[in-house]
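Asker: Residue numbers (full-length UniProt numbering): 1 to 106. The C-beta atom is built at its ideal place from N, Cα and C for all residues, glycine as well. Structure incoming, see below.
Here's what the structure looks like:
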């Protein structure tokens with residue numbers, strides 16, 4: 001959908017995503033970490049062409065998770081990188097930003 005101004009199209013895409021998410025989750029292995037997010041908000045009713053300021057979702061799933069949780073808002077994408085590295089047993093390089101939230105999810 002990109003940055004189109006089509007609220008009905010967005011709704012249809014979300015419905016399609018929801019239908020296919022169960023299939024994707026069923027194909028994950030014990031070692032997989034599914035992360036769903038976006039790089040910016042996009043209000044399809046906004047008249048301008050610039051990005052809008054909605055908070056984007058960050059949904060993370062693993063078969064290791066025992067329950068669903070809602071964590072505090074994260075303020076940068078470095079959290080995602082740090083969490084991916086942590087999942088595979090690595091740490092963020094020195095002098096970089098980003099803190100893993102994996103331990104909060106397990």
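Hey, how far is the Cα of residue 87 from the Cα of residue 32?
Answerer: Working through the chain shown from its first residue, we reach residue 87 at position 87. Working through the chain shown from its first residue, we reach residue 32 at position 32. Each residue's Cα considered, the two are about 9 angstroms apart.
Asker: Grab me the residues of residue 91's own chain with a C-beta within less than 7 angstroms of its C-beta, minus the 5 sequence neighbours each way, in chain order.
Answerer: What you label residue 91 is simply residue 91 of the chain shown in a count that begins at 1. Result list for residue 91: 85, in chain order.
Asker: Determine the burial state of residue 103: buried for a count of at least 16 other Cβ atoms within 10 Å of its Cβ, exposed for fewer.
Answerer: In the chain shown, counting from the first residue as 1, residue 103 sits at position 103. Residue 103 counts as exposed, since fewer than 16 other C-beta atoms from the protein chains shown sit within 10 angstroms of its C-beta.
Asker: What beta strand (DSSP E) runs, 3 residues minimum, are completely inside the segment 43 to 78?
Answerer: 58 to 61
Asker: In the DSSP output, what is residue 21 paired with across the bridge?
Answerer: Position 21 of the chain shown holds residue 21. None, per the DSSP bridge assignment.
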